[in-house]
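Going by the numbering used here, the sequence shown wraps up at 144, each residue one higher than the last.
For each residue, glycine too, the CB sits at the ideal point set by N, CA and C.
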Amino acid sequence: MHYRFLSLEDYGKVVELWKRSGLKYKPVGRDSERAISEQMIKQPNMFLGAFDGERLVGIAMLTDDGRKGWINRLAVDPEYQRRGVAAEIIKRAEETFRSRGIFLFAALVEDWNIPSQNLFKKLGYKKHDDIYYFSKRDFDDY
Numbered sequence: 003m004h005y006r007f008l009s010l011e012d013y014g015k016v017v018e019l020w021k022r023s024g025l026k027y028k029p030v031g032r033d034s035e036r037a038i039s040e041q042m043i044k045q046p047n048m049f050l051g052a053f054d055g056e057r058l059v060g061i062a063m064l065t066d067d068g069r070k071g072w073i074n075r076l077a078v079d080p081e082y083q084r085r086g087v088a089a090e091i092i093k094r095a096e097e098t099f100r101s102r103g104i105f106l107f108a109a110l111v112e113d114w115n116i117p118s119q120n121l122f123k124k125l126g127y128k129k130h131d132d133i134y135y136f137s138k139r140d141f142d143d144y
């Protein structure tokens, strides 16, 4: 297994992984090739991939606001789950944030995704029951 930051040439592999892993995919909006390209330009070396040979088997999109690092869209191929791939991606995400001077890490996990919740807890993340997530979208695809 090897890990590297992704480039736009990996876009097709990313989409296929999202589909295999059951992650919601919005091809017209936030997950379009154009939108991903813009994100990669704004924040280079923030799309982290795990590879088995040439096959992309894990991904996380990292973002930060200058004080908090977010681990977004964490996905692992079902054939590779429970093998430590997600834990290693999270570890490398934290290292990436630390190298940028960011020492607070966060992730949003849907309430039904118990395996992800358990993984983050196991890795030292605290679940906050006193925080509510609000969002406002101009378009459904974002």
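Quick one: what does DSSP say Leu19 is sitting in, helix, strand or coil?
As a position in the sequence shown, residue 19 is number 17, starting the count at 1. Helix at Leu19.
Starting from the N-terminal side, write out each stretch of the beta strand (DSSP E) that is 3 residues or longer and does not extend beyond the stretch 79-111.
none
Would you mind sorting Leu8 into buried or exposed? The rule is 16 or more other CB atoms within 10 Å of its CB.
Sequence index remark: in the sequence shown, residue 8 carries index 6 (1-based). By the neighbour-count rule (16 or more Cβ atoms within 10 Å), Leu8 is buried.
Comparing alpha-carbon positions, which option in Val111, Glu97 and Glu112 lies nearest Phe105?
Your numbering for residue 105 matches position 103 in the sequence shown. Taking only the C-alpha atoms, the option nearest Phe105 is Glu97.
Which complete alpha helix (DSSP H) runs does the stretch 18-74 hold, if anything under 4 residues is left out?
Those alpha helix (DSSP H) runs which fall completely within the stretch 18-74 and span 4+ residues are 35-44.
If we call anything under 8 Å between Cβ atoms a contact, is Ala146 one with Leu25?
Since the first residue shown for the chain is 3 and the last is 144, residue 146 is missing from the structure and cannot be characterised.
Per DSSP, Arg139 forms a beta bridge with which residues?
Translated into positions along the sequence shown, residue 139 becomes position 137. Beta-bridge pairing links Arg139 to no other residue.
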